[in-house]
Structures are given as structure tokens and as C-alpha cells.
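Protein chains in written order, with the numbering used here: chain A, 12 to 272; chain B, 67 to 554; chain C, 2 to 472. Think of the CB as a built atom: it goes at the ideal place given N, C-alpha and C, for glycine as much as any other residue. No experiment lies behind these values; they were computed from the predicted model shown. Take a look at the structure below.
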Amino acid sequence: MTTEPIQAAPLLEARNLTKVYEDGVKALDNLNLKVLPGEIFAMLGGNGAGKTTTINTFLDFIQPTSGSALINSIDANQEPLEAKKYVSFVSENVQLYPNFTAMQNVDFFVRLGGQSNYERADYEHALIRVGLQREAFDKKLKDFSKGMRQKCGIAIAILKDAPAILLDEPTSGLDPKAGKEFTRLVGELRDEGKAILMSTHDIFRAKEIADYVGILNNGVLVAQKTYEELRGVNLEELYVEYMAGYMDETLESAVLTNDLD
Amino acid sequence: MLSLLIQKELKNILLSPKFVATFAVCSILILMSVYIGIQEYNNAVIQYEANQEIARQDIAEASNWRSIRNILHREPTPLQIFVSGLHFDVGRLSNISTSDDIKLIRSPYSDETLFAIFRFIDFTFIVQIVLSLFAILFTYDAINGERENGTLKLAFVNPISRASYLIAKFTGIWMGLIIPLLIPILIGMLMLILFDIPVLASDWGSIASLIGLSVLYITFFIGIGILVSSLARKSSLSFLLLLVIWIGGVLIIPRLGITAAGQLVPIESVAQIEAKQDAFQRARWNQYSEDLSETWRTRSAEMEGMDEAQAQAYREEKEWEWLEEDDATRKQVQVDIIENNRVLYEEVQNQKKIQEKLAFNIARISPVSSFRLAAMNLAGTDIDMKSRYEENMRFYKDDFTDFVERKQAENPDEQGGMRIEIDESGVSIDFGRDDQTLDTSELPRFEAPVVQAGTAFGNSLLDFGLLVLFIIVTFGGSFTAFLRYDMR
Amino acid sequence: MFKLIFAKELKEIIQSSRFTISFAVCSVLIILSFYMGAQNYLASLAQYEAAVQENNNQIAANTDWQFVNHSIMLPPQPLMALVNGVSNDIGRNIEMRSQGELRAENTRFNDEPIFAIFRFMDLEFIFGIILSLFAIIFAYDAINGEKISGTLKLCFANPLSRASFISGKLAGSFLGLSIALLIPMLIGCALLPLLGIQLTGEEWIRLGLILIAGLAYFGLFLALAIGISAITSKPSNSFLLCLVIWIFAVLIIPRGSVLISGRIADVPNVDQITAEKNRYRAQLFAEDRPKMADFSVDPQTEPMDVFPLFSEFMNELGTARQEKIDVFNARLNEEFTNKRRRQEQLALSISRVSPTSVFTLATTELAGTSLRLQNQYMDDAYEYQNTYASFMEEETGSANSGGFRMIVIDTDGNQEEPDPLDPNDLPQFQFNQGSVATIAGNTLLDFGLLFIFNLVFFGGAFAAFLKYDLR
């Protein structure tokens, strides 16, 4: 892959992104955000706030009602196949193919991502980097724990070596140790110059590594703080502010959950 | 506590798409099968009557008692609407005459081969194949599915016993399957009344037993479903296992059992039996002619040394005695041949019985066979239907032959066939009877074999027992498996 | 991309326990059905040969062709044992007569009803019922299962088009499973010569076509299940829907449509036809009776010469009567046959809504056990009747027995012992299976329909996936 993104141009960008579902529910309302190379943008918000919808739009799983989602300045909904060359994705609960071994899964997805020059040693290297035990490499995924599956997922993203990475609730359900390890890996990827957009419930972890934190409520980006700004903000205050918005929408989100997750 | 659990199970099942699909499919199928069954029954009745008409014509045409023939037809029974059994495969009629052997010929399928391509669909078929499949669909995740969902843990946080949980589970599923079975079949029974099908009281009894049998059969499948679901950790695995069990039990074992028995106990074919009979007959007649020559040689020897006149006198004196002797020998030959034929026939029948017994016993490894066999016994369309009819027809044939012989003796003038007499005056042809009809009102009447409801039930008792046994085993298994179930 | 998905699909199938279990079951069943079919054929062949031998013995026991009771039998064919069709439901023996109507008696299921209870396990059953069910088991969660496990999202996070994904999936699962099924089929085929059954080249071609039809049928159920898994969200629902469709396609539509439409067409039953024929025959005989009574000869004739004269007279009357009966019966039969053909046409056409019927009709036709078997057998029997009649005429001087047999008792008793008959003098009955080209031609419609079903279901699955909500 020969991708030399122009410096300072955002790798991931949402422009006036709006999504209204058939039943009239507004999942995204004029959302704007940018993620530059070497940046982590964390989206915070309750269930149904629009985090997953945003990521789904970048992946062309959802067509926006208006506005556009750009990956490396390519409209993800106009030219999805082109745009997806520049993005990796790790989902909330990476399942992979249960009857495949870790190696076979990695091999398949990496090839799917357009990387066909790797050899087994490269896969092993990546899997060790994400912290998977060597003896698990040739075991079938159905015997894996959630943390081990998540590690395979991130290994796939690393091997695809796309400049942008989308993470959908990547640490939910992981134990603290695995969560911490995962956070470390994400930090490393950022330092390698990847542009990372992640959605999360976990404000503490977001505060720890994110360069920007955006708070979504009812599909609207209600606040956007930088890492520096966050350092000054009282965590509890932020939490309450965030929860207040969350409380208001609880009723609505209960209806939405089915559509959005 | 138990009633709460049962309520939950019932709600859970009655509101599920599974139940809706089962109910809809079963209703359509059962009502359609009863409707088609009624049409087929009416058709069989029409054919039965058409055949009575042919028999009457034949009798009316007969010119003398010797040439009189009758045709006996199997009587259709309303129970074949629910259990067609062997009705379509076994011949429906036999010719009755003094010379022909009894043999049921012309099965409904051989007359209307079109219907043999896909065969008939009856109530037992639906229960046997469709409902059992749905039973599996209802039960495969009964236990391990709840574990996977986490609802099992949630339920057992509360003070409930495992036994009551399992009972509730079973009751809910049982109701969910019995309702789609009972409602349409009750409507089906109403249809019998609406279409004026002559159903006897004992037939209603058989239908009721048939429904009871179906309930047992479904209960067994629920039992095995819950058993597998509590043995296999994952619902995907129990699903696959149950499907394999279903295919094996419903489709494979019954067929395999019968075919295996067919190979283990080979039965001589009709042609082989006929060959044996033929060989004996020929050998016996050859022996007879040799014996006869021998006898005559002895007789000639006795006349040795006599002169012509003496021999003549001796011959005349002995003639009557010799004739009687020869006649007795000839009759003995016939008796021997008939006896040999009977022995061979019985041998084949016994072989067949052994084969059947073995076949059914192998097939009974699967409760599906028990269900099918018991249902056919209840409806009287079982494997013995053919021999029952043939036996009754044989009795009838004896009566018929006696009657005809009596009539012939009463009317010695009525000779069979045409008689051409040639004498000095020329040729005269005697047609025997001319234009006057025979009085056939005294012709013996055929009584179709009736299987008493009690006997039918008795015949199916073994299979009922086996089904109950299977149910006890699967339920016992489910209980022990669930009492030791790892809830994590 | 297509190649990658294709390879992944193959690997995934082969590595799953679902495949291991069901492939094992399928293989055992396919091989078993070949084995049992072969055994069944050998048993029927032995029965057939014994019956032919018995018939010859009967003939050899006679000294005059006039008294011969000759029966012809339907020779068993290896393919008949593999795909039973209606072969167990039609009469196998025909008592041959020089004229008049022939009737086939002794169906297998009537002679051995024990086999009718559960029927045999033949290839048509294995493919039609078991393999279609396995196709559903393989594929009912092909799409929605991947969605639930999240792999679908993960795949489409890459530059992958939906078209290549679904076509890779369809092709991968179809080819993977077909090749897997082909193995037991080939073992089964190899079993036939090992068990001593030699198929002719034409029979191999027909068997090959049967297997192709089987794979096409399997493929369409696979595509159907994949398509359904792309329009339902939960695997449990897609299985339920597949199962209901399976029950209807496999069990209900073929039977229901034939039973209902068969009865819509107004066809009198066989017995009504027979009654009508009997009435006519009786009427003609009654008309002839006065003529018979008028028979007279020149009083000067020698008594021994009266017999041939009378015989000739009766033959003339009989022939005239038989001609009328033949005309009448032929008309009745033709009407009846036409009505019945129409009934069959209607019933079978309607049943073809279900791919299972199409498959059954195609395979039974290829195996020679479709409805055509009965017609062909009767046609051949009637053709043979002509040969037989001319043979009898040559041997006995009269083809007409007309229900009239004269027995001359000679009391002088010093005749020479006549020679027994040689059954080999009798022309042999030939059953004509039809050439492979004709048979293949007859199945063209059904193969076409199978192809269309495949096209529709593959296309449907493809289209359904293009609109699939990937989230």
C-alpha cells in the first residue's frame, strides 16, 4: 500500500453528517469532526447517542441522509471500495470465524485488506505484539476468551496497516489488565501516525489517551475537548454533565437501542 | 412457584414464531390430509360398489353353476383416512371360482400409478415427520439455550427446585405442541361427520387411541430433545445432534430394519414356490404312472399261465376292483399334491412371519416404527390386513365351492360348457341353460374380516408399551442430567 | 477478492463440526443406498430368473402349444433398484394371450407388503429428503450468522464489494459441499461393479445424469437457505422459515398437488371401465348364441370330420365377435387413456411448483421408473402379443382360442408319446428401456426447471444480499 497522506489533511472527517431513519428518528444531526494523523478522537455518549452510527457511516454500512463521511478525503459512501483501503476497524465484540484458527483468521482478514505480501513470521510478530500467547496461534477461535479475540482483532488492524483506524467500543467487557494493554497498543498506533476514531463509554480511559474527546447526545456533538482542556476539567463535573444529557435521552434511547446496536 | 414457571413457559412458547409456524403448518396439513383422505375414501367406496356391480354381472352371465364366478373386494374403512397404512399397496380384490386360488390383486397404486409417485399423505405421516421435527425445534435449546442467554442463572437465583423448573419447561413445550395437534384433528373429526362418513362407535374408539398414540409419540420427542439439550453444552451442537437423531430415527432406522431383515431372512418368491410345487407334482405323477405300470405288470403276472378264456374271465371278474384301486391311487396323488402345496404355503407363511417379526423388532429400535406399526394396527391397515382378507376369502371360497357343488348335484342336467353330440342323426349342440337366470339369491355372502377394537388395541399394546418405555427413559435421563447440570 | 472469499468459505465449511457430522451421515447414507439398491437388484434378479425358469418348466411340461400358459415378466434393471420410482407399484407379471387385453399383476409391494410400510431407501429418497435438509442445515445462518458474530462487519471494513462476497460465498459453499458429496457417490458407483452389477454405457450416462440432477437439486436448496439467511435477522428464524419451506416443497406440494389435481380431473375408475366392457362382451355373446344353435353339417359327414368343421365355425364367430370387442375396447381404452394422460399432465405440471417434484420426475425418468415404465411395459407387452399370436398360429393353426377350448378324448390309447415342448422355440419378450437420447430428451423440461430454480434462488440470494443491512 503506497499511501502518503498529505500532511495536515484530516484522515477521517465528518462533514455536516446527518442521518434520519425511516421512522423519523434522528440518529446524527449535523455532525462535524476531524481526525488528523497521529491523533485519537474519542466519542463519548450514552446508548443511542450516535457513536456507532457515526462509525457505521464511515464504513458505508449506513447511507447518511445528508453530509458526508470522508476517509483520506474520499467519500466513504460515494466510493466505499476506494475509501476502505485507508481504514481498519475493530469492533466492540470481535467474534471472527469460530472454526478458524487465529492464524487462519488473521490471514483471511489481512488478505481481504489487500495485504498479500506477508508471511507467517509477520503474523506471528503482530500477534506477539498484541500479547497473544504463541500456543494459541493454531487454536480455533471458538475456544478463545473475549480478550484473546480482541487481541486478534487489533492484530488484524495492525497488519492491514491502514492510516486510519475505527474502534467501536473496543474495551467494553475486557478486564482491567486487558483494557490497559489495549489502551497501550492504541497509544502506540497513534504514535506511529495513525488517525484513530474510537467510540467508548469509558470516560476515564478516554481522558487518559485521547487527543480530543467529543460528547454526543442525540446525534449532536454537544462538546469537544482537547487533551489539555480535559486535564483542567474536573472529571466528576464532566461526568455529571455527560450523565445529565444521558438521562434526558434515556427514554428515547431505549427505543433506539434496537436500531443502533 | 411451579405455576409461575409454567405460565412463563407457556407465554414464552405461545407467543413465539415457532408456535405460530407449527400451528399454521399443522392446521393446514392435518385439515388437508383429512380432506384428501375423505375424497380417497369416497373414491374407494365408489370403486368397491363398481366392483360389486361387475361381480353381479358376471354371476348373471353365467350359463351354469360350474362356470359361476364371484369377485370379492376389500371393504374400505373410514380409518384409512387417518392411517392409510397398506391400503394403497395391497391388492383390493380377488377372483372367487372353484378353480382359482385366492389372491388379492390390483392394488390401488397399481391401478392409479400417478398417485404412487409421491404417495399419500395422512395424519400419521404428518405426526411422524412434521410434528416430530417441530418437537425438536421446540426443545433443542430448552436448557442450554437458557444457559447461553443467562436466563438460567437468573431463574435459579430464586428459591426454585430444579425438578419444578424442568417440569414447567416440559409442560410449556408439551402444550405448545399438543395444541397444534389436537385442534386441527378435532376439526378433522368434525369433517367426518359433515361429509357423512359412516364411522362406527369402535372406529371413534380407534381414532381416540390414535390421538393418544400421537401424543405419546410427541412426548417422546420432547423427552429426547430436553435430554440432548441438557447434555450438550451448546445449543448449536444439540440442534445438530437432534437433527441427526431425527433423520436416523424417523427416516433411516425403520427402512434399514426392514431391508436388513429382508436380507437376513430370505423368503422364497412366488415363482420359486410354484417351481417347487410343480416339481413335486410332476414327480408324483411320474411315480404314479410307474406305479401303475408296475401294478399292471403284477396283474398280468397273475394271469400268467391262464389261457385266453380264463384270462378274459379273470379280467372281467377283477375289472371293477382294479378300477377302484387305480382310482384310489389317483385320488391319493391329488391329495398328496394338495397337501404338499399346503405345506409349502404354510412354510412360506411361517418364513414370512419370522421375517416380519425380525424386521419389526429391528425397526422398533426407533420409536417411530412403534408409532407407525401401532397406528396401522389400530386402523386395521396393518401388514396382516392382506392375510386376514385372504383367509376370510378362503373360507368364503370353501362355502362357495360347497354351494356350487350342491347346486350342480341338484341340477345334474345343467352341464358345463357346450355339448356337441354327434350320432347317426347328425350334430346337435346343447348350450345348457338358455336365457333363464340362475337363482343366486342363496349364494353365500362374504363377511369382511372385522378387527375388534379390543383386538386392535391388544395388537398395538407392545408398541404402546415401547413408546411409554422410551418416554420413561428419556425423561429419567433428562431429570438426572438436569439435576446434575452445570449452571455456569 | 472473490477467490479469497471462495477459499475462506471452503475452509470454513470443511473445518466446522457441522460439516464433519453431516458429511459423515450423508456419506454413510449415500453409500448405504447404493449398497442396498445393489442387493435389492440382485435379489430381484434372482427372483426374476427363477420365475422365468419356472415359466419355461411349465412350457416344457406340455406337449402342445395350445395348452401353454405363458407369462412374461418385467426384467429388473439396476437403475430401478437405485431409484425405485413406481417400479414397486406396478404389476410385474403378464399372462400372455394371443389376443384380448393384457393385465400386469403381482406388484412388489402387494407380494411383499412388509417393504411397503417404510419403503426402500433409494437415491431419490436420500437426495430428495435428506440432502435437501442438510443443505438447509449447512446454510441457514450463512449470512445472519456472520452478522451476529461480527465477521460481516469486519469483512466489509475492507475494500470488498458485496457482489464478490456473496458470489464467493455461494460458489464456495456449493462447490465445497458438492465435491464432498461427490466422493461417497463415486464410492457408491464403484461399489456396483464390485458387487457384480455391470452397467451398460448408456446406464452409466443415465446414472451420471441422476447424480448431476441430485447436485443441482442440492444446490438450489443451498442457495435458497443462503437467500433466506440474508432476509432474516436471526438464525433461529431463518431456520424456521427454511424448515417450513422445506416441509412444503418436499412433503406437501408434491403429494398435495397430485392428490388434489388428480381428483379434479374427472377420470372414471378402472372398475367402471371394466364393467362397461363386460356388459358389451356379454351382449355380443348373447347375440351370437342363436347363430351357434343353428350350426349344422351335412349328415353324410364322417363324425371325426365334424370337429374341425365346428371348430372352424366357432373360430369364425369368435373372430368376428372379438373384432367388435376390440374396436369397442380400443375406443374405451383410448378415451380412458386420454383422460388419464390429461389427469397426469395436469397433476404433474402443478406439482412442478416444487423443486422436489421436478427432481423426482427427472430422476425417475432417468432411472426408467417414472409413469412411463408402466406404459412402456404394456406397449412392449402388446407388441410381443403380436409376435406371440403369430407364433401360436403357426404352431397350433389358430391364434384364436376365444375362450373356447376343445378337448378330444381318444379311448383307443395306443398313441405315441408326444415330445415335450422346447421353451426356446418361443420368441423371447424384449423389454425396451428406450435409448439414452430419448430419455434425456424426456427430462429436458425438468432439467430446464431445475436450472431455472437454481438461477432464481442463486439470483435471489445475490439480490437479497446486495440490499442487506450490514450493521
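Nearest to residue i by alpha carbon, out of the options?
i: C:E96; options: C:Q386, C:S88, C:F135; result: C:Q386
i: B:A475; options: B:P515, B:A327, B:L152, B:W131; result: B:W131
i: C:Y281; options: C:Q301, C:E324, C:I138, C:E384; result: C:E324
i: C:F219; options: C:L134, C:N41, C:I229; result: C:L134
i: C:A117; options: B:L159, B:G151, B:M67, B:V196; result: B:G151
i: C:L221; options: C:S230, C:L367, C:A231, C:I453; result: C:I453
i: C:F175; options: C:A462, C:R472, C:P424; result: C:A462
i: C:Q273; options: C:L153, C:N334, C:A136; result: C:N334
i: C:L225; options: C:P194, C:K154, C:R256, C:A140; result: C:A140
i: C:D380; options: C:N159, C:A105, C:M2, C:N58; result: C:A105
Work out the CA separation of residue j and residue i for me, nearest whole Å.
i: B:T546; j: B:I209; result: 13 Å
i: A:V121; j: A:I167; result: 6 Å
i: C:I227; j: C:T108; result: 42 Å
i: B:F186; j: C:M81; result: 21 Å
i: B:L258; j: B:L97; result: 11 Å
i: C:G449; j: C:V359; result: 10 Å
i: B:G242; j: C:A51; result: 55 Å
i: B:L95; j: C:R264; result: 18 Å
i: B:L293; j: B:F204; result: 13 Å
i: C:S18; j: B:L307; result: 11 Å
i: B:S176; j: B:I538; result: 42 Å
i: A:D40; j: A:I73; result: 14 Å
i: B:K419; j: B:E513; result: 25 Å
i: B:K235; j: B:L71; result: 8 Å
I'd like to confirm the pairing. Which residues does DSSP put opposite residue i in its beta bridges?
i: A:V98; result: A:A175
i: A:V31; result: A:K37
i: C:H71; result: C:M97
i: A:V231; result: A:N228
i: B:N352; result: Answer by DSSP bridge pairing: none, since B:N352 is not bridged.
i: A:K151; result: A:T112
i: A:V46; result: A:L23
For a contact meaning CB atoms closer than 8 Å, what does residue i contact in chain E?
i: C:F139; result: Protein chains A, B and C are contained in the structure displayed, whereas chain E is not.
Could you check what DSSP says for residue i in three-state terms: helix, strand or coil?
i: A:K236; result: strand
i: A:K205; result: coil
i: B:E476; result: helix
i: A:T211; result: strand
i: C:S45; result: helix
i: B:M372; result: coil
i: A:Y223; result: strand
i: B:N161; result: strand
i: C:T64; result: coil
i: C:V87; result: coil
i: B:A126; result: helix
i: A:F52; result: strand
Going along chain C in order, which residues have a C-beta closer than 9 Å to the C-beta of residue i?
i: A:F111; result: K9, K12, E13, Q16
i: B:V100; result: Going along chain C, no residue has its Cβ under 9 Å from B:V100, so there is no contact; the nearest lies around 12 Å.
i: B:N427; result: What B:N427 touches in chain C: nothing, since even the nearest Cβ is about 13 Å away.
Mind listing the chain C neighbours of residue i? Cutoff is C-beta to C-beta under 7 Å, in chain order.
i: B:P320; result: F119
i: B:L81; result: Under the 7 Å cutoff, chain C gives no residues; its nearest Cβ is about 14 Å from B:L81.
i: B:M67; result: What B:M67 touches in chain C: nothing, since even the nearest Cβ is about 29 Å away.
i: A:R122; result: L5
Which bits of chain B does residue i rub up against, with CB to CB less than 8 Å?
i: C:N238; result: P83
i: C:N107; result: I171, V336
Give the interface partners of residue i over in chain C, defined as CB-CB distance under 8 Å, in chain order.
i: B:V196; result: I248, L252
Cβ closer than 7 Å: which chain A residues qualify as neighbours of residue i?
i: C:G151; result: S102, N104, V105, Q106
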